[in-house]
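What follows is one structure encoded as structure tokens, with my remarks underneath.
Residue numbers (our numbering), protein chains in the order written: chain A, 1 to 244; chain B, 1001 to 1413.
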């Protein structure tokens, strides 16, 4: 899938946040979006997924040549777009297995027998070093911050999207967990050839990954683009005044 | 004997004067339940319909796939359990039940129930006895029942009380319950009210726990046009543990007035109240939880949690937790309340995983409901309660009995 963001303007909470974003993500590509707090990174992710709290005022989001600006959220998921949440929602009473099974059915993922499905969950849980008992619990309920992030990556692996938008998969994780999450994202990318947009504040997770494109967002616009060398520059000098 | 008319004035006036009702927070929230005008003979010819009621009751038993120990209606009793004492008179009851918790001399609603009750069910367990009892109550006209439970020491008892209707006549159902739990005993009481939408329901429940005893009392209110409940549970034993769970599902114009008082009376006792409601249409629910921590209750736990979900703009929930704490040495006491429509971010989250809005909403509500229903350890009870709520979510009317497909329920008995 190719996801194209063309000159996107969007409001969130009655405030103009995105002010002309352009971005193109192809299959197998790893893009990293960095930028200071409040620059619009999460709003961009939410706009792509169709959050009702974000309102697109101009521009287009195009998936495989199809404009999806007005498309319902679940239809975007069915197209193959996945969003990993910065703050995943806790839903007490909703069993993870039931939820994942329903989600798989909804996006018309290849059908798996119960044993195969459970085996896939188990394999992914193991590689994420996610405690086995968590799978039998309610969705994210009572999970630590790190466990929630890992559960998001588990969902991505199970739902097998074509484009994954990962909103700070590394925040709140300890050093070891960052590496585990990075390894799993890499493995998923290799296996699926999905395009990934990874949003992060820190370069730490990127030490374990090999992104081709780095984008820096400030005040609702992508103001700088480059390769891995840009990460080092940001690490060294921060988001420079001219960038900010 | 009180007449209905005398009762309406006296009982409502009396209940308004009780401490819990004169509480500043609660007193303006009160459902006046219609308690008169249910003369059975005016509505239905009892004799003519006796066999029909029986058939309907048996049909409900078949649909729910529950093996009931007894089926009790307003004019017939079928018992399949020789150990169960069912009488039309209180005098044949538990001989040792001298310390009745509901005092007719003080409590007009109990007095009314006492005066009109024609079905008394007595469940008494001796020391180290274990029993499971499933009771089906079916009202065709007005049904007034009392269920008295008493256990010895180290006993284990599970009771399901399922209320249904076998006619669409305007009716009144009063159910008075007392549970007296002996030392080191465990009791689970599961009550599911699924009467039709022309029934007024009054549900009275009192329980007393002795040392190291445990009570799980789970109430599900789905049926009836107006429901008024008064629950009082005393954790009156050292290390006793009472968990009260209440859930109401309302639609159309259903009214619920759910008032529950929990009291910590002894050291290291626990009294926990979880109340929840999901309301659609223009239904209304008042969740009034009152916790009292008495003097000398070192190491006790008291907690009230009230949660509500509104599915329409005309539905209304008043969640009113309140506490009175007379002692503070190593006491944990908390209360909280929250009511809202379905969380927009939660819906977005579920939809982002491919689920349609309608499916996501249903999933969210079922998750909410299951928090309460899953408190029932007894599989039969939780299955029937969940089936009824799911049926209501699909637009089923109050009183409808959905078929249960889970064969395991039948086999588990």
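Beta carbons are placed, not taken as given, at the ideal position from N, Cα and C, and that holds for glycine.
Cβ pair residue 1176 of chain B, residue 1113 of chain B closer than 7 angstroms: One thing to note: residue 1176 of chain B has its Cβ within 7 angstroms of the Cβ of residue 1113 of chain B.
Shorter than 7 angstroms from the beta carbon of residue 186 of chain A to some beta carbon of chain B? Output row for residue 186 of chain A: interface = no.
I want to verify the contact list: residues of chain A whose CB lies under 8 angstroms from the CB of residue 1088 of chain B, in sequence order. Against residue 1088 of chain B, chain A offers no close residue; the least beta-carbon distance is about 42 angstroms (beta-carbon pairs closer than 8 angstroms).
Entirely within the stretch 209-236 of chain A and at least 3 residues each: give me those beta strand (DSSP E) ranges in chain order. Runs of the beta strand (DSSP E) inside the stretch 209-236 of chain A: 213-218 and 221-226.
Can you list, in chain order, the residues of its chain whose CB lies under 6 angstroms from that of residue 166 of chain A, leaving out five sequence neighbours each side? The residues 84 and 198, in chain order, have a CB closer than 6 angstroms to that of residue 166 of chain A in the same chain once the five nearest residues on each side in sequence are set aside.
Evaluate residue 106 of chain A with the Cβ neighbour count: other Cβ atoms within 10 Å of its Cβ, from every protein chain shown; 16 or more gives buried, anything less gives exposed. With 16 or more other Cβ atoms within 10 Å, it is buried.
Taking C-beta pairs closer than 7 angstroms, name the residues in chain A that residue 1348 of chain B reaches, listed in chain order. Within chain A, the residues near residue 1348 of chain B are 51, 52 and 73.
Whose C-alpha, out of B/1144, B/1399, B/1150 and B/1303, is nearest the C-alpha of residue 1182 of chain B? Nearest option by C-alpha distance: B/1150.
Do you know whose CA, among A/227, A/235, A/117 and A/223, lies nearest residue 22 of chain A's CA? With respect to the C-alpha of residue 22 of chain A, the residue from A/227, A/235, A/117 and A/223 having the closest C-alpha is A/223.
What does the alpha-carbon distance come out to for the pair residue 1273 of chain B and residue 1322 of chain B? Using only the alpha carbons, I get a separation of about 11 angstroms.
Taking 7 angstroms as the CB-CB cut-off, is residue 1361 of chain B touching chain A? For residue 1361 of chain B, no Cβ of chain A is located within less than 7 angstroms of the residue's own Cβ.
Could you name the residues of chain B that residue 85 of chain A contacts, counting a contact when the two beta carbons are closer than 7 angstroms? Going along chain B in sequence order, the residues near residue 85 of chain A (Cβ under 7 angstroms) are 1349.
Relative to the C-alpha of residue 1331 of chain B, which residue among B/1303, B/1287 and B/1402 is closest? Taking residue 1331 of chain B as reference, the option from B/1303, B/1287 and B/1402 with the minimal CA-CA separation is B/1303.
Residue of B/1373, B/1168, B/1142 and B/1126 minimising C-alpha distance to residue 1118 of chain B: That would be B/1142, whose Cα lies nearest to the Cα of residue 1118 of chain B.
May I ask which residues mark the beginning and end of the beta strand (DSSP E) holding residue 1380 of chain B? That residue, residue 1380 of chain B, is in no beta strand (DSSP E); its alpha helix (DSSP H) goes 1379-1393.
Please report the straight-line C-alpha distance between residue 1371 of chain B and residue 93 of chain A, rounded to a whole angstrom. Note on geometry: alpha-carbon atoms of residue 1371 of chain B and residue 93 of chain A lie some 5 angstroms from one another.
Residues, ordered as in the chain, of the stretch 151-170 of chain A that lie near chain B by beta-carbon distance below 8 angstroms: Residues passing the 8 angstroms Cβ filter: 155 and 159.
Rounded to a whole number of angstroms, what is the C-alpha to C-alpha distance between residue 1309 of chain B and residue 1291 of chain B? So the alpha carbons of these two residues sit roughly 23 angstroms apart.
Contact set between the stretch 85-107 of chain A and chain B, restricted to residues whose Cβ is under 9 angstroms from the partner: If the cut-off is 9 angstroms between Cβ atoms, the stretch 85-107 of chain A has 85, 87, 88, 89, 90, 91, 92, 93, 94, 95, 98, 99, 100, 102, 103, 104, 105, 106 and 107 near chain B.
Going along chain B, which residues have a C-beta under 9 angstroms from residue 77 of chain A? Contact of residue 77 of chain A with chain B by beta-carbon distance below 9 angstroms involves 1351, 1352, 1353, 1354 and 1355.
Please list, in chain order, all residues of the same chain as residue 1159 of chain B whose beta carbon is under 6 angstroms from its beta carbon, the five residues on each side excluded. Within the same chain, 1133 and 1189 come within 6 angstroms of residue 1159 of chain B by CB-CB distance, once the 5 residues on both sides are set aside.
Closer than 8 angstroms, Cβ to Cβ, to anything on chain A: give me those residues from the stretch 1366-1385 of chain B, in chain order. Residues 1366, 1367, 1368, 1369, 1370, 1371 and 1374.
By a C-beta neighbour count over all protein chains shown, 10 Å radius and 16 as the cutoff for buried, is residue 1193 of chain B buried or exposed? The residue in question, residue 1193 of chain B, is buried, as its Cβ has 16 or more Cβ neighbours within 10 Å.
Use the C-beta contact count for residue 57 of chain A: other C-beta atoms within 10 angstroms, 16 or more gives buried, fewer gives exposed. Answer is exposed; the Cβ neighbour count stays below 16.
Going along chain A in order, which residues have a C-beta closer than 8 angstroms to the C-beta of residue 1364 of chain B? The answer, in chain order, is 91 and 94.
Considering Cα atoms alone, identify which of B/1317, B/1260 and B/1271 is closest to residue 1429 of chain B. Residue 1429 of chain B is absent from the structure shown; chain B starts at 1001 and stops at 1413.
Going by C-alpha distance, which of A/113, A/149, A/20 and A/141 is nearest residue 130 of chain A? Considering only alpha carbons, the answer is A/149.
Could you confirm whether any beta carbon from chain A is found closer than 7 angstroms to the beta carbon of residue 1274 of chain B? Judged by the 7 angstroms Cβ criterion, residue 1274 of chain B is not in contact with chain A.
Unbroken stretches of the alpha helix (DSSP H), 4 residues or longer, contained in the stretch 1134-1221 of chain B: Qualifying alpha helix (DSSP H) stretches: none in this window.
Residue 1223 of chain B: which of B/1202, B/1357 and B/1234 sits nearest, CA to CA? Closest in C-alpha terms to residue 1223 of chain B, from the list B/1202, B/1357 and B/1234, comes B/1202.
Using DSSP bridges, identify the partner residues of residue 1290 of chain B. Beta bridge pairing from DSSP links residue 1290 of chain B with B/1261 and B/1322.
Using a Cβ-Cβ cut-off of 7 angstroms (strictly less than) and excluding sequence neighbours within five positions of residue 43 of chain A, which residues of its own chain qualify? Taken in chain order, the residues that qualify are 10, 12, 17, 18 and 54.
Count the CB pairs spanning the stretch 1232-1248 of chain B and the stretch 1329-1344 of chain B that are closer than 8 angstroms, and state whether there are at least three. The stretch 1232-1248 of chain B is not in contact with the stretch 1329-1344 of chain B.
Quick one: what does DSSP say residue 22 of chain A is sitting in, helix, strand or coil? DSSP places residue 22 of chain A within a strand segment (E or B) once states are collapsed to three.
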